[in-house]
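Accompanying notes for the structure given below.
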Amino acid sequence: MPKVSMVVNGNKVSGDIDSRTLLVQFLREELRLTGTHVGCDTSQCGCCVVHVNGSSLKSCTVLAMSLEGANVVTIEGLAQDGKLHPMQEAFRENHGLQCGFCTPGMIMAAVDMVNRKGSNMDEATIRHELEGNICRCTGYHNIVKAIADGARNMAVAPQAAAAE
Amino acid sequence: MYAFTYHRPETARKATNLVAKVEDAKFLAGGMTLLPTMKQRLAAPTALIDLSTAEDLRGVELKGRNIVIGAMTRHFDVANSQIVKEKIPALADLAGMIGDPAVRHRGTIGGSVANNDPAADYPSACMALNATIITNKRKIPADEFFVGLFETALEEGELIVKISFPIPSKAAYEKFRNPASRYAIVGVFVAKKGSVARVAVTGAGSGGVFRPNRLEAALTAKFHPKGLDGLSFPAEGLNTDIHADAEYRAHLIMVMTRRAVAKALAK
């Protein structure tokens with residue numbers, strides 16, 4: 002079987018995998034990083050969003066083999082030294098979840114959004130940028146509040162950059 | 132997904148050499164359509180030739196009066212390219228409307244054009260801007276490239292290398308999107324270059340992207356929403372599906388064309 006190597010959450014990892022292994026399968030089944038979820042498996046819902054070389058990607062729609070040498074960050078890679086990332090903390094503070102299934106993808110999409118759009122996003126921008134992430138519980142209201150809050154907090158927290 | 136062998140050539144030439152040698156091989160660009168199709172077992176190539184490391188297929192350049200975009204350039208990179216934003220802002224706009232942010236980070240212009248989904252955005256820009264699709268073998272005018280639903284003039288093993296867009300004097304894209312899939316129910320790209328107006332419609336035609344000749348003639352006579360006064364679009368030959376029927380799409384073509392012309396004039 003072909004071999005693939007990449008950096009996941011700062012650790013060098015490699016595996017002998019079937020060519021058809023999707024990134025999300027590699028993360029969940031080989032590396033046992035089960036924080037990244039599979040919701041729809043058709044690149045609609047965004048539960049599987051991770052960062053690859055600094056940009057958000059839907060890990061259910063990319064082959065692990067395509068990411069040889071890539072730098073991948075998953076939800077498990079955000080908290081540092083037992084302290085939640087400001088975006089994770091904002092989701093907790095604002096009750097930005099109910100069942101929690103979409104939350105890892107929401108948070109990874111939110112951090113990517115802040116990286117691209119800055120820390121002062123208005124509500125319309127956040128809602129528009131979230132179009133690739135679906136939540137069946139919350140009605141999005143608290144998710145949007147959490148992202149606005151988390152974005153502001155990332156601007157003052159130095160660890161936000163370190164996680165990338 | 133059925134098993135396949137995986138190849139990752141570093142250049143376009145190596146990719147086309149491989150596809151000629153390996154039986155039943157398919158190119159993998161961004162994979163935003165091919166991988167979901169393979170998951171559903173609607174496609175089952177025995178080999179994939181991944182173009183993601185072929186650096187020579189990527190990038191945006193200004194060449195005389197054209198913008199030339201490498202086939203593996205991601206939607207995000209077209210949407211944010213300074214050159215595209217300055218010279219053909221309508222094209223940057225269009226790229227920024229495809230899918231969602233994570234999809235735009237992976238999907239490519241060459242992949243979208245080669246796939247020719249009848250509701251995809253890029254084919255309309257290629258036709259309205261009178262682009263040339265440049266492959267490893269030849270140059271194909273957009274008017275001859277898009278043949279039908281998911282069908283193009285590409286031959287077996289032929290690879291899109293880049294696409295050349297002549298810079299228009301005015302252009303704009305307007306899309307009425309399906310709120311769930313974000314694909315165009317109707318998308319209209321209008322462009323004016325010299326005295327000639329070109330219009331291309333995506334999402335609506337039963338044969339894929341097309342140019343509505345009567346609307347082009349009206350806009351060539353008067354490039355203004357008022358130039359379309361009194362005109363309507365026939366519903367024959369348009370798609371009817373769960374999202375919209377043919378009459379609704381016919382109406383939307385006029386609405387989106389007027390909006391696109393207004394937007395092009397406002398720039």
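Taken in sequence, the protein lines are chains Z and P.
So the first sequence is residues 2 to 165, counted in my numbering.
So the second sequence is residues 132 to 398, counted in my numbering.
Don't be surprised by glycine CBs; every beta carbon is placed ideally from N, CA and C.
Straight-line Cα distance separating residue j from residue i
i, j, result
"I291(P)", "V53(Z)", "26 Å"
"F80(P)", "D181(P)", "Nothing about residue 80(P) can be read from this structure; chain P reaches only from 132 to 398."
"A151(P)", "G288(P)", "6 Å"
"D17(Z)", "P3(Z)", "6 Å"
"A161(Z)", "I144(Z)", "In this predicted model, A161(Z) has a pLDDT of only 49, less than 50, meaning its place in the structure is not dependable; the value taken from the coordinates is given anyway. Near 19 Å, if we compare the C-alpha coordinates of I144(Z) and A161(Z)."
"C61(Z)", "R205(P)", "18 Å"
"L383(P)", "I373(P)", "16 Å"
"F364(P)", "T351(P)", "17 Å"
"A156(Z)", "G101(Z)", "25 Å"
"Q99(Z)", "L346(P)", "50 Å"
"E31(Z)", "P343(P)", "52 Å"
"A284(P)", "H142(Z)", "47 Å"
Three-state secondary structure assigned by DSSP to residue i
i, result
"Y141(Z)", "coil"
"K353(P)", "coil"
"Y137(P)", "strand"
"L58(Z)", "strand"
"F320(P)", "strand"
"E305(P)", "strand"
"I240(P)", "helix"
"L346(P)", "helix"
"A149(Z)", "helix"
"T371(P)", "coil"
"P232(P)", "helix"
"G279(P)", "strand"
Residue i and residue j closer than 8 Å at C-beta
i, j, result
"G83(Z)", "N10(Z)", "no"
"T136(P)", "S20(Z)", "yes"
"N1(Z)", "V8(Z)", "With chain Z covering only 2 through 165, there is no way to say anything about residue 1(Z)."
"A250(P)", "G334(P)", "yes"
"G338(P)", "L280(P)", "yes"
"M387(P)", "V319(P)", "yes"
"I264(P)", "V278(P)", "no"
"I198(P)", "I214(P)", "yes"
"T75(Z)", "G36(Z)", "yes"
N- and C-terminal bounds of the alpha helix (DSSP H) containing residue i
i, result
"M387(P)", "A377 to A397"
"F92(Z)", "P87 to E94"
"I1(Z)", "This structure does not reach residue 1(Z), given that chain Z is present from 2 up to 165, and the question cannot be answered."
Residue i at chain B interface by Cβ criterion, 8 Å
i, result
"V150(P)", "The structure shown has no chain B; the protein chains it does contain are Z and P."
Extent of the continuous beta strand (DSSP E) to which residue i belongs
i, result
"N72(Z)", "N72 to V74"
"S295(P)", "I291 to P297"
"P249(P)", "Premise fails: P249(P) is in no beta strand (DSSP E) and is neither H nor E."
"G227(P)", "First-last for G227(P): P220 to G227, but that is the alpha helix (DSSP H), not the beta strand (DSSP E)."
"R329(P)", "V327 to T333"
"T424(P)", "The displayed coordinates of chain P run from 132 to 398. Any statement about residue 424(P) would go beyond what the structure contains."
Complete runs of the beta strand (DSSP E) confined to the stretch 148-212 of chain P [at least 3 residues]
Entirely contained in the stretch 148-212 of chain P, the beta strand (DSSP E) runs reaching 3 residues are, in chain order, 156-159, 178-181, 191-194 and 197-201.
- For the stretch 2-56 of chain Z, list the beta strand (DSSP E) runs that are entirely contained and at least 3 residues long, ordered along the chain. 4-9, 12-17 and 50-53
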